[in-house]
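As C-alpha cells, the structure follows; a few thoughts come after it.
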Amino acid sequence: MEIEIDYEATAAIDFPNGIRKGDTNKLKGKSAFEFSHHKKIIKLLDIS
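Heads up: the sequence shown at position 5 corresponds to -3 in the numbering used here, and the numbers run straight through without jumps.
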C-alpha cells in the first residue's frame, strides 16, 4: 500500500536555527507499507 504525503507547517515562534515565526515549510513524499498476513506493518519505506 502506498500513500502520498502533502504537508505544510507554519512556525508559531522564532527558532535558533533561523526559522522565523510565520515561515512555512512544505513537504511532499510517499510512504509505502508492507503488511504481514496478520495485517501488521512489517515494512515502512518513506520516500521524500
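Every residue gets a Cβ at the ideal spot worked out from N, C-alpha and C, and that includes glycine.
query                                                                                      : result
Cβ shell of residue 4 (< 8 Å), same chain only, five flanking positions each side left out : 13
Nearest-angstrom beta carbon gap, residue -3 and residue 22 [assumed within contact, 8 Å]  : 7 Å
Beta-bridge partners of residue 9, as assigned by DSSP                                     : DSSP output for residue 9 lists no bridge partner at all.
Residue 19 versus -1, 9, -6, residue with shortest Cα-Cα distance                          : -1
CB contact flag (residue 26, residue 39, <7 Å)                                             : no
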